[in-house]
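Residues in the sequence shown are numbered consecutively from 1, following the numbering used here.
For every residue, glycine included, the Cβ atom is placed at its ideal position computed from N, Cα and C.
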Amino acid sequence: YAVEIFYEAIKNKQYTCFLKEDTVLPMLYMPDCNKCMINLLEADNSKLKRRVYNLTGISFSAGEIAAEIKKHIPEFKIEYKPDFRQAIADSWPKTIDDSLAREEWGWNPSYNLASMTIDMIEKLSKRF
1 YAVEIFYEAI KNKQYTCFLK EDTVLPMLYM PDCNKCMINL LEADNSKLKR RVYNLTGISF
61 SAGEIAAEIK KHIPEFKIEY KPDFRQAIAD SWPKTIDDSL AREEWGWNPS YNLASMTIDM
121 IEKLSKRF
């Protein structure tokens with residue numbers, strides 16, 4: 001939903017979310033994912049103690065992302081109609097521990113919810 005909500009907000013000014021408003025999930029914005037891959041490839045091998053790392057960028061709820069979108073698209077409306085995917089989301093962690101990546105090679109995401117929202121709206125608005 002975290003990508004689809006932006007398309008619908010820009011195109012139709014509304015979105016029906018298949019999750020509850022307060023459902024929090026961990027996310028990693030693609031520019032941060034690209035950054036992390038480059039950083040890992042360029043990391044000092046002597047500091048790396050493993051070859052597999054957990055990574056996360058930001059965790060947010062459906063309600064939080066909707067509120068952030070409304071700051072830029074005030075007429076945006078959201079309706080929450082949880083379906084079978086809610087049970088899947090409920091089984092996932094709300095956050096992911098990426099402390100080893102932070103310690104060993106300095107991982108730190110560049111985007112937070114506010115900056116990701118601005119970037120998504122700016123980039124996707126050019127398509128419509």
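In whole angstroms, give me the CA-to-CA distance for residue i and residue j.
{"i": "Met27", "j": "Arg85", "result": "16 Å"}
{"i": "Leu41", "j": "Leu124", "result": "29 Å"}
{"i": "Asp98", "j": "Tyr111", "result": "15 Å"}
{"i": "Lys71", "j": "Arg102", "result": "31 Å"}
{"i": "Lys13", "j": "Arg51", "result": "43 Å"}
{"i": "Thr16", "j": "Asp119", "result": "22 Å"}
{"i": "Ile96", "j": "Phe128", "result": "34 Å"}
{"i": "Tyr53", "j": "Lys94", "result": "17 Å"}
Would residue i be called buried (16 or more neighbouring beta carbons within 10 Å of its own) or exposed?
{"i": "Leu19", "result": "buried"}
{"i": "Trp107", "result": "buried"}
{"i": "Ile78", "result": "buried"}
{"i": "Ile5", "result": "buried"}
{"i": "Pro74", "result": "exposed"}
{"i": "Ile65", "result": "buried"}
What residue from the options has the CA that sits closest to residue i's CA?
{"i": "Asp32", "options": "Met116, Glu64, Glu79", "result": "Met116"}
{"i": "Ala114", "options": "Ala89, Phe60, Trp105", "result": "Phe60"}
{"i": "Lys35", "options": "Thr23, Leu55, Ala2", "result": "Leu55"}
{"i": "Lys126", "options": "Val3, Ala2, Tyr1, Lys11", "result": "Lys11"}
What would DSSP say about residue i, mapped onto helix, strand or coil?
{"i": "Pro26", "result": "strand"}
{"i": "Thr117", "result": "helix"}
{"i": "Lys123", "result": "helix"}
{"i": "Glu42", "result": "helix"}
Contact defined as beta carbons within less than 8 Å: I believe residue i pairs with residue j. What is the distance between those atoms, to the nearest angstrom?
{"i": "Trp92", "j": "Leu48", "result": "Not really, about 27 Å apart at Cβ, beyond 8 Å."}
{"i": "Ala87", "j": "Glu21", "result": "Contact doesn't hold; Cβ gap of about 16 Å is too wide."}
{"i": "Gly57", "j": "Tyr80", "result": "Going by Cβ atoms, the distance from Gly57 to Tyr80 rounds to 23 Å, so no, they are not a contact pair."}
{"i": "Thr23", "j": "Ala89", "result": "5 Å"}
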